[in-house]
Structures are given as structure tokens and as C-alpha cells.
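Quick notes on the structure that follows.
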Amino acid sequence: MSDKVLSQFKQEVVEEKKETGRKLKIGIIGTGWIAESHIQSYKLMEDVEVVAAADLIPGKAEKFMKRFGVEGVRFYPSHKELIDNEPDLDGVSVCTYNTQHAAPTIYALEHGIPVLLEKPFSVTLEEAEAICRAEKASGKFVSVGFQPRFDANMQMIKKIVDSGVLGKIYYIQTGGGRRRGIPGSTFIEKSTGGIGALGDIGCYSLDMVLNAIGYPKPLTVSGYISDFFGKNPKYNGADAARFSVDDFAAAFIRLEGGIILDFRIAWAMHVNTPGDTIIFGTEGALRIPSTDCWNGSVGGPMTLYHDVAGAHVDTVIPILQNTGKGGLFDKKIRSFLDAIKTNGPAPVPTSQILYNQAIIDGINKSAALGKEIEIEFHEI
Ligand SMILES: NC(=O)c1ccc[n+]([C@@H]2O[C@H](COP(=O)([O-])OP(=O)(O)OC[C@H]3O[C@@H](n4cnc5c(N)ncnc54)[C@H](O)[C@@H]3O)[C@@H](O)[C@H]2O)c1
Numbered sequence: 001m002s003d004k005v006l007s008q009f010k011q012e013v014v015e016e017k018k019e020t021g022r023k024l025k026i027g028i029i030g031t032g033w034i035a036e037s038h039i040q041s042y043k044l045m046e047d048v049e050v051v052a053a054a055d056l057i058p059g060k061a062e063k064f065m066k067r068f069g070v071e072g073v074r075f076y077p078s079h080k081e082l083i084d085n086e087p088d089l090d091g092v093s094v095c096t097y098n099t100q101h102a103a104p105t106i107y108a109l110e111h112g113i114p115v116l117l118e119k120p121f122s123v124t125l126e127e128a129e130a131i132c133r134a135e136k137a138s139g140k141f142v143s144v145g146f147q148p149r150f151d152a153n154m155q156m157i158k159k160i161v162d163s164g165v166l167g168k169i170y171y172i173q174t175g176g177g178r179r180r181g182i183p184g185s186t187f188i189e190k191s192t193g194g195i196g197a198l199g200d201i202g203c204y205s206l207d208m209v210l211n212a213i214g215y216p217k218p219l220t221v222s223g224y225i226s227d228f229f230g231k232n233p234k235y236n237g238a239d240a241a242r243f244s245v246d247d248f249a250a251a252f253i254r255l256e257g258g259i260i261l262d263f264r265i266a267w268a269m270h271v272n273t274p275g276d277t278i279i280f281g282t283e284g285a286l287r288i289p290s291t292d293c294w295n296g297s298v299g300g301p302m303t304l305y306h307d308v309a310g311a312h313v314d315t316v317i318p319i320l321q322n323t324g325k326g327g328l329f330d331k332k333i334r335s336f337l338d339a340i341k342t343n344g345p346a347p348v349p350t351s352q353i354l355y356n357q358a359i360i361d362g363i364n365k366s367a368a369l370g371k372e373i374e375i376e377f378h379e380i
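Heads up, the sequence shown is in this note's numbering, so the first residue is 1 and it goes up one at a time.
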């Protein structure tokens, strides 16, 4: 991952000095792009050592650790060999592409190992439910890698909702997108990415608002997906030939509590932005410039619209600076390590992200059927 990409999450250099009896032993499964942020954060923590790494591509994990100057690591050809041969692991980072989220996570849990799983949770709702079942059976935890959760402005959205100043929330529009910004690599093929913009960046917009309002259960979805840009060589060059996921998704979702969620997300489109996130409440509304919220924070000051003594008042919420040690990626890793020490709770729990995944899955299912569907959850 380029320094430019990573630096947008960095506010300051981390230097953790937590009291520990011994160093936590961590394995990294999948040594591609996002694993770079994991290893860089682990390297900054004094109470952890990365002892094992696995990648399906021969030699990739070895080169990866060499590049980051990490020594003494044992290497394996897949998650199975790593977990079978490392009985003393305290946790694993699962940094595999989306279609390989469920298998390593479930295998780790079956061996009693807590997991930091990269976003999106999975490709389908059924996979997410299988992970939740394995988690329940294991008594260990899975935390999902949503680093924006650690941003002070993102946290402010929840604080504003929780304060009651918006009254009862009844409608939310959210989502985001880039005029052009289709990734390449493993993101764009069904066999590896599984889902496109919907899962890759859509999961962030959904998490931002659902977390703020307490993750109500999604009930129905009317969804749409398309791939007009990804499949067109005019917009996606040579990658168009192998593009087999969505590059745009939109949906109308009914949530428990009579809340309507209006969502759209794009890797590419012919407009600069699909609009800000707006949370409508009976006593006020909140506008969140957040069209690229996968970057970890809001895109500018938020505005709270409300009435004071009969007058319309617009209150601008100034941008907050993050405090504490480290950037958002470091905080994500730190929160995982701290949760290992207490065997949970997970900083970003699957009980919440199951609903995020249910919406993503519901959009795909509804789009395939061409009509609104009811979301069906199964026994965990
Ligand atoms: N949190 C973030 O900001 C962020 C940013 C980028 C990507 N991601 C997520 O991280 C995940 C990985 O993305 P990436 O860009 O690093 O992908 P990538 O293709 O660069 O790397 C994934 C690696 O996992 C390996 N792999 C797959 N299955 C494996 C298995 N069973 N055992 C061992 N190795 C296996 C692959 O060979 C590959 O090298 C995706 O789910 C993506 O959505 C998160």
C-alpha cells in the first residue's frame, strides 16, 4: 500500500507502552495490500510479535516480511497450515480478499484464535452467519476492520444522534462514490472480490450511519447494481475484460423502528458526488459531507439543522482532531490487541456488522430478482 494512501489515516506516530506479561503472538493471513497497514501498526506496538504469515502465492509472505524488516517469522502456504502448526497464537489478522474471509476466520475460531477480519465482513449473509456461529461456538471473538470507527468526527455523529437533538430518526440518505476510481487487483473479479463497490466502499457508508443509530435490524431491501463502467474498456482499459463485480449500487432499505435508509455507492459515475449523508429526525437533521467516508473521516464540517425558539438555526460542527496515540489503522490494531487481553468484547462486533452484511447481500439478491425482498436471517 502506498505511503500516500496510508498517510491519510495517520495523525501522529504511535508509541504504545501498555503493561504486558508477555508479548502477544500474532499471525497474518494474506500478505497483500491491506496487510501492509497491519504489519506497520503491529511493528509499532511493544507488546506484540508477528510470528507467522501465510499467503497462497508462493514466496509472497517471505518477500513481504523482508520488505518490512520483520525477522523470525514462520511461513505457510495457506491459512490452514498456519493455524494447524501454530498452536500458541493469540490472534490472527485475516487480510485475504473478500471471498476468502469466511474460511480462514472460521478455521481460526475453531482453533480458539481471536480474529481481526478485514472489511467487508464477507461476500454473502450466509457466510457472515457461519462466522457468527463459529464465533459463538468458540467463545472467542471477531472484530471487523472498520478503522473509521476510531475517528473523532465519526464518533461525533453517534454522539449527536445519542444526544437526542435530532429527535426520532425516520429517514437517512447515505453513500458515496468517486467519479472515476475503479480499483484493480483482486477487487474486480467475482472469484476474489466477490462483490464490487457495494462491498468495498459501501460497507463504510452503511457502518457510519447504522452505528450512529444503534444498528437497527434491516427488514426489506429493494436493490439495484450495475457494471457499466467496469466492463467498458473506454473507462476501465484492459481490466474491463476481467471485471465481473458491480461498480454501482443503490437501494431503499426498511429498518426496524420505521426508519428508511436510502443508499447509493459508486466506484465510477458521471457526476462528482452522489451527495452528502443526511440524517433526518423529528427535531433536527444532520448533514455529513461524507461521500468518500472510506477515507476514515467526514469530508468537512457537519451541519446540524434545528429550530430554536421558532427560528431555523444551522449549527456547524467544527472538525475535531483525533487525540491519543497513533492513526486510525494503529488504533484499529491496538483495539484488537487490547480485546485479546480481555477475551473481548470485540471493538467492532459481528453482531452489528451482520446487519451491514445483510443489507449488502439483500441488495444483491433483490437486484438479481428485480424486486424488493425481505431479509431472512438464520439461527446463529
Ligand atoms: N481497511 C481498509 O482500509 C482496507 C483497505 C484495502 C483493502 N481492505 C480489505 O482487505 C482485504 C484484502 O485486500 P488486499 O487489497 O490486501 O488484497 P490482495 O489481493 O492484495 O491481498 C490478499 C492476499 O491474500 C492471499 N490469500 C487469499 N486467500 C488466502 C488464504 N486462504 N490463505 C492465505 N493467503 C490467502 C492472496 O494470495 C493475496 O496475496 C479485502 O477484503 C479488502 O476489502 C481493507
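A virtual CB, placed ideally from N, CA and C, is assigned to each residue, including glycine.
Since the model is a prediction, treat every value here as computed from it, not as a measurement.
Cβ-based neighbour list, residue i, same chain, cut-off 8 Å, excluding 5 preceding and 5 following
i    : result
M1   : For M1, the predicted model reports a pLDDT of 45, less than 50, meaning its position is unreliable and no value from the coordinates is stated.
K17  : Because K17 carries a pLDDT of 43, less than 50, the predicted location of this residue cannot be relied on, and the following value inherits that uncertainty. Hits under 8 Å: E46.
Y170 : G258, I259, I260, F280, G281, T282
G300 : P289, I319
Three-way DSSP call (helix, strand, coil) for residue i in this model
i    : result
F229 : coil
A102 : helix
T277 : strand
Y97  : coil
H270 : coil
S7   : Low per-residue confidence applies at S7: pLDDT is 43, beneath 50, and the placement is therefore not dependable, though the value from the model is reported in the following sentence. Three-state DSSP puts S7 in a helix.
P349 : strand
G223 : strand
V70  : coil
N313 : Contrary to the premise, residue 313 reads as Val rather than Asn in this sequence. Correct three-state label for V313: strand.
I57  : coil
I259 : strand
Same chain only: Cβ atoms within 6 Å of residue i, ignoring 5 sequence neighbours per side
i    : result
A251 : V221, G223, F263, I363
G184 : D239
F68  : I39
A212 : I157, K158, V161
T273 : T291
K331 : F150
D227 : D246, D247
T282 : G167, K168
I353 : F121, V144
T192 : Y97, T99, T186
7 Å CB neighbourhood of residue i in its chain, flanking five on each side removed
i    : result
A61  : T31, A53, A54, D55, F75
D276 : R287, I288, P289, S290, T291
C132 : T350, L354, I380
K190 : S244, V245
A197 : D246, D247, F248, A249, I265, A266, W267
Span of the alpha helix (DSSP H), counted from its first residue to its last, around residue i
i    : result
G176 : It is not in any alpha helix (DSSP H) - G176 instead sits in the beta strand (DSSP E) that spans 169-177.
K80  : 79-85
D330 : 328-341
V165 : Segment: none, V165 is in no alpha helix (DSSP H) and carries neither H nor E.
Y42  : 33-44
A249 : First-last for A249: 248-255, but that is the beta strand (DSSP E), not the alpha helix (DSSP H).
Unbroken beta strand (DSSP E) run spanning residue i, endpoints
i    : result
L117 : 115-118
M208 : Premise fails: M208 lies in the alpha helix (DSSP H), 202-212, not in any beta strand (DSSP E).
A240 : Where A240 is concerned, there is no enclosing beta strand (DSSP E), given that its DSSP letter is neither H nor E.
Is it a yes or a no for the region 356-372 touching the region 117-136, going by three-plus beta-carbon pairs under 8 Å? Yes, since at least three Cβ pairs between the region 356-372 and the region 117-136 fall closer than 8 Å, the two stretches touch.
Taking three-plus beta-carbon pairs below 8 Å as touching, is the region 330-348 in contact with the region 142-150? yes
Between the region 196-214 and the region 308-321, can you find at least three pairs of beta-carbon atoms closer than 8 Å? no
Kindly confirm or deny that the region 106-123 and the region 319-328 touch, where touching means at least three C-beta pairs closer than 8 Å. no
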